[in-house]
Every structure is written in structure tokens, then in C-alpha cells.
Amino acid sequence: MNKEEILSKSRQSNKDEGLEYIENKGIKVGYSIFICVFCFIVIFNAFIGQKSDAVSALFWTFGFAENIAKYQFTHEKKNLVFAFGFLILTIFSLTNFILSSLR
Numbered sequence: 687m688n689k690e691e692i693l694s695k696s697r698q699s700n701k702d703e704g705l706e707y708i709e710n711k712g713i714k715v716g717y718s719i720f721i722c723v724f725c726f727i728v729i730f731n732a733f734i735g736q737k738s739d740a741v742s743a744l745f746w747t748f749g750f751a752e753n754i755a756k757y758q759f760t761h762e763k764k765n766l767v768f769a770f771g772f773l774i775l776t777i778f779s780l781t782n783f784i785l786s787s788l789r
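Under the working numbering, residues 687 to 789 are what the sequence shown spells out, in order.
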């Protein structure tokens with residue numbers, strides 16, 4: 687390939703690396719904020735004597751989905767183990783939420 691062919695293919699590509707970088711940065715910031723809000727809700731609920739099963743189920747589901755996606759891409763066993771653990775925690779939290787809501 688000569689220089690012009692490479693430049694032409696680069697221009698035709700719809701991938702904007704700057705935009706992709708900003709999106710990835712936004713996702714990382716979003717993760718951090720999500721974790722902070724989760725911790726705040728759990729601590730607040732502990733102080734007022736309420737359970738946090740609903741918000742915990744959301745948190746564990748998020749961890750499950752993230753690790754399943756990582757496993758599908760990397761095929762690393764640790765991601766599968768984490769996904770399985772998060773799935774168990776999700777089921778436990780959802781079950782507790784449903785049972786306590788029906789009382």
C-alpha cells in the first residue's frame with residue numbers, strides 16, 4: 687500500500703478515536719459514580735434500618751453483565767468465576783427483595 691491508499695482508507699473509516707476515547711473515559715467515570723451512589727444508598731439504608739436488597743441486586747447484575755462480556759471477549763476463567771459469583775449474589779438479593787416485599 688502506498689501513502690495515498692492508507693490515507694484514503696483512514697478517511698473512509700467512521701471510527702473517530704477521539705470520540706471513542708471520550709466515551710471510554712465517560713464509562714469509567716460512570717462506573718465510579720455508580721459505585722459511590724451504591725455505597726451511599728447502602729450506608730444510608732443501614733442507618734435508617736432499611737434493607738438494600740433492591741439496589742444490591744442492580745449492583746450485582748451490573749457486575750455479572752460486565753464480567754460475562756469480558757469473558758466472551760478474553761476467555762479468561764477469572765471473569766467467568768466472577769460472573770458466576772455475581773449471578774449468585776444477584777439471585778440472592780432479588781429473592782430477598784421479593785420475599786421482603788411480599789410480607
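Glycine included, each C-beta is placed from N, C-alpha and C at the ideal position.
Cβ contact check for the region 750 to 761 and the region 721 to 728: 3 or more pairs under 8 angstroms: no
Start-to-end residues for the alpha helix (DSSP H) that takes in G771: Start at 1 with the first residue of the sequence shown, and residue 771 comes out as number 85. It spans 763 to 788 - the alpha helix (DSSP H) in which G771 sits, taken as one unbroken run.
Sub-9 angstroms separation of G749 and F772 beta-carbons: Looking up residue 749 in the sequence shown gives position 63. Looking up residue 772 in the sequence shown gives position 86. Cβ atoms of G749 and F772: closer than 9 angstroms.
Secondary structure of G712, DSSP reduced to three states: In the sequence shown, residue 712 corresponds to position 26, counting from 1. Three-state DSSP puts G712 in a helix.
When Y717, G712, I734 are compared against F745, the one with the closest alpha-carbon: In the sequence shown, the residue the question calls residue 745 occupies position 59. The shortest C-alpha separation from F745 is found at Y717.
Pairwise C-alpha distance: N753 and K764: Stepping through the sequence shown from its first residue, residue 764 is reached at position 78. Stepping through the sequence shown from its first residue, residue 753 is reached at position 67. Taking the straight line from one Cα to the other gives about 9 angstroms.
N-terminal and C-terminal residue of the alpha helix (DSSP H) that Q758 is part of: If you number the sequence shown from 1, residue 758 lands on position 72. Start and end: 739 to 760.
Assumed close pair F768, A740 - CB separation to whole angstroms, cut-off 8 angstroms: Against the sequence shown, residue 768 aligns to sequence position 82. Against the sequence shown, residue 740 aligns to sequence position 54. About 22 angstroms; that fails the 8 angstroms criterion.
Alpha carbon of I692 to alpha carbon of D702, nearest angstrom: Position 6 of the sequence shown holds residue 692. Position 16 of the sequence shown holds residue 702. About 16 angstroms.
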